[in-house]
Every structure is written in structure tokens, then in C-alpha cells.
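Q:
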Amino acid sequence: MKKFRVTRYQIPIDKKKYCLEGKIRIVLLSDLHNESYGKNNDVLIQEIHRQKPDLIAAAGDMLTSGEQEEEGTALRLLQVLAEKYPVYYGYGNHEHRMKLDTDSFGLRYERYAEAVREAGVFLLENECVDTTVKNVPLRIYGLQLPWRFYRRFCFETLSLAELETYLGKGTQERYQILLAHNPMCFAAYEEWGADLTLSGHLHGGFLRLPFLGGIVSPQCVPFPRYDRGIFVKNGHYMAVSAGLGSHSRIPRIGNPTELVVVDLFRKRC
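Residue numbers for the sequence shown follow the working numbering, so the first one is 21 and each next one is one higher.
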């Protein structure tokens, strides 16, 4: 049976601004690509239950947009999780491709999106939803970038002005969590005001070398900066998952798949 590791990160929140009761635990799913750990992903689901999350964030590419692929694996997982937890889902490039390429995929995107919403999942396509968890007001966004940010050899820069056309202006009234599949635009996410960005996409750089990290991005860019882990800029955080699956012929070497657990904490009110 295929295995994954559990990776944990702890992120402090502003003590002066939020009176958090205990901690907020987020389970981050990314880049599942139709992978299944045990029958119907039972092993993955059991591990998620063990983590006792307050919410689940799916940061995209839960499926693979191949004409011979199917959406059932991702959909079943989301349906099971949404029965017990609030699940927030921001799309990746594979969901986006299914939406754009109707010649190849027909109505598969529409049917998938409808089923996801019917399961109770918050599907966020350049949208946000407000909630309060353990006395902390949250605003959770899902960003869908244009396709040009996923082309091969992409060195596109996202400006604050462009980001605001998708999400509007940020707020300081709530702790902002941004589901942004592509982490390479972290500078814009931070400038916009995302307190915590949750990303994936880079698969940890596929092959990892000691001291060098990931070797290549899905866009064939060498040594991507935000391959996996925690990144901080001006007090704003980004957690990047190395992903739970793979769709590429490039092997994962020194780069296990992972379930990411993020704890937001403050020591005292």
C-alpha cells in the first residue's frame, strides 16, 4: 500500500488582535490527483479523523484532468469529509483545465462542481466565505488564477492590482486564509493581506536534493523557490504542501507525499 507522511506546522496569530481559545487545526489537502490510500481512501480518512481538524482546506488538483481519468476518487473523499467537517475547496490547474476545455471534457466540470457543492463543500472560485472558529473571525478565499500562470516555463508576475480584480480588496477585520494553488505568487498574496496562504502545485519539486530542495516545478522551472514548507514575509505566512499524489512521469525521489496539518496558536489572551 502506498504511504504518506504527516507534516505539522505551527503558526502564531496576532495576540493583540485575536483572542484565540486553544488552537485552530487545519488539515491541508493538495494535489491528490485521484490517488487512493487504501480502499476508498480509508487510510487517508482515518488519519484525518485522528488529527481532529477544525476545518479542512483543499488547495486544488484533487483530480487529474485527463480524458481517461475520472472524478469519483476526489468526489468520494470530499463527500465523506464534508459529513463531519467544514471543507473549503480552491481549485488548481487541473480543475481549471476541465472547466476551460469543454471540447475535451464536455460537461464533466459542471457535474463535478455541482456534486461537490451538493456534498456541502464550500467551493470557492474567486470567492470567500466568513466563519468564526474558537473566537477568531475568519474569511476564507479561494483563488483561481488565469491559465497563463500554469503554462510551461512560466515566469509570470502577479500584481496586487490584478489580484484585487479577482478577490477584491483584503480586510483587516478578519483573519484571512487564502487557498491559492500556485505558491509562486506569494509576494502578491502577502501584499494583498493574506494572513495565511495554503498552497501546493509544485509537488515538492519532484526530486529533492540535500541543501538544494526541489529540482523542478510542473512548469519546468528549475529549483522553484516555494517548493514545500513554511514561508514567511512581513508577518504573513504560507504553507506549501508537497502533495498527496502525482500525475507526472517524473519520479518523486527524496520527496514523500504528505498530509499537512497547520495549527494556528497564541499563547495567551
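For each residue, glycine too, the CB sits at the ideal point set by N, CA and C.
Cutting at 7 angstroms between CB atoms, please list the residues of its own chain near A135, excluding the five before and the five after it.
A: Mapped onto the sequence shown, residue 135 falls at position 115. For A135, where only same-chain residues beyond five positions count, the Cβ hits under 7 angstroms are L95.
Q: Bridge partners of A135, per DSSP?
A: Along the sequence shown, one-based indexing puts residue 135 at 115. Paired residue(s): none; A135 is not in a bridge.
Q: Taking DSSP's pairing of strands, which residues face A259 in a bridge?
A: For the purposes of this step, residue 259 is taken as residue 239 along the sequence shown, with counting starting at 1. Looking at the DSSP assignment, A259 forms a beta bridge with L218, I250.
Q: In or out: W167 buried (at least 16 other Cβ within 10 Å) or exposed?
A: In the sequence shown, residue 167 corresponds to position 147, counting from 1. Looking at its Cβ environment, which holds fewer than 16 other Cβ atoms inside 10 Å, W167 is exposed.
Q: For G92, name the three-state secondary structure that DSSP assigns.
A: By 1-based counting over the sequence shown, the position of residue 92 is 72. Correct three-state label for G92: helix.
Q: Y109 lies in the beta strand (DSSP E); which residues open and close that run?
A: Numbered from its first residue, the sequence shown carries residue 109 at position 89. Residues 107-110.
Q: Can you tell which of A133, D62, F142, A214 has its C-alpha closest to the C-alpha of I33?
A: Start at 1 with the first residue of the sequence shown, and residue 33 comes out as number 13. Checking every option, the nearest Cα to that of I33 belongs to A214.
Q: Mapping the DSSP letters down to three states, classify V100 as helix, strand or coil.
A: Translated into positions along the sequence shown, residue 100 becomes position 80. Reduced to three states, the DSSP call for V100 is helix.
Q: With DSSP as the reference, please indicate the residues paired to Q66 in a beta bridge.
A: Your numbering for residue 66 matches position 46 in the sequence shown. In the DSSP output, where bridge partners are listed per residue, Q66 has none listed.
Q: Please classify Q196 as buried or exposed, where buried requires at least 16 neighbouring CB atoms within 10 angstroms.
A: Sequence index remark: in the sequence shown, residue 196 carries index 176 (1-based). That one is buried.
Q: Are the beta-carbon atoms of V47 and Y105 separated by less than 9 angstroms?
A: Residue mapping note: residue 47 aligns to position 27 of the sequence shown, counting from 1. Residue mapping note: residue 105 aligns to position 85 of the sequence shown, counting from 1. In this structure, Y105 lies closer than 9 angstroms to V47 by Cβ.
Q: Could you tell me which residues DSSP puts in a beta bridge with P157?
A: Taking the sequence shown and counting its residues from 1, one reaches residue 157 at position 137. The partner list for P157 (beta bridge, DSSP) reads T152.
Q: Please name the residue, chosen from L165, G188, L52, that lies closest to N113 on a Cα-to-Cα basis.
A: Taking the first residue of the sequence shown as 1, we reach residue 113 at position 93. Closest option to N113, Cα to Cα, is L165.
Q: To the nearest whole angstrom, what separates the beta carbons of I160 and T151, a pair I think is in contact under 8 angstroms?
A: Reading the sequence shown from its first residue, position 140 is the one you call residue 160. Reading the sequence shown from its first residue, position 131 is the one you call residue 151. Correct: roughly 7 angstroms between the Cβ atoms.
Q: Can you tell me which of the three DSSP states A77 falls into?
A: Locating residue 77 in the sequence shown gives position 57, where the first residue counts as 1. A77 falls in the strand class under three-state DSSP.
Q: If the criterion is Cβ atoms closer than 9 angstroms, does the pair L49 and L279 meet it?
A: One-based indexing of the sequence shown puts residue 49 at position 29. One-based indexing of the sequence shown puts residue 279 at position 259. Their beta carbons are under 9 angstroms apart, which means L49 touches L279 by this criterion.
Q: Pick helix, strand or coil for R128, following the three-state DSSP scheme.
A: Translated into positions along the sequence shown, residue 128 becomes position 108. DSSP places R128 in helix when its eight states are reduced to three.
Q: Inspect the beta-carbon positions of L163 and L183 and report whether they are closer than 9 angstroms.
A: For the purposes of this step, residue 163 is taken as the residue at position 143 of the sequence shown. For the purposes of this step, residue 183 is taken as the residue at position 163 of the sequence shown. Cβ atoms of L163 and L183: closer than 9 angstroms.
Q: Out of V260, P276, R286, which has the shortest C-alpha to C-alpha gap to A78?
A: Taking the sequence shown and counting its residues from 1, one reaches residue 78 at position 58. Of the candidates V260, P276, R286, the one whose C-alpha sits nearest the C-alpha of A78 is V260.
Q: Based on Cα-Cα distance, which residue from R128, I76, Y170, Q99 lies nearest to E138?
A: In the sequence shown, counting from the first residue as 1, residue 138 sits at position 118. Nearest of R128, I76, Y170, Q99 to E138, Cα basis: Q99.
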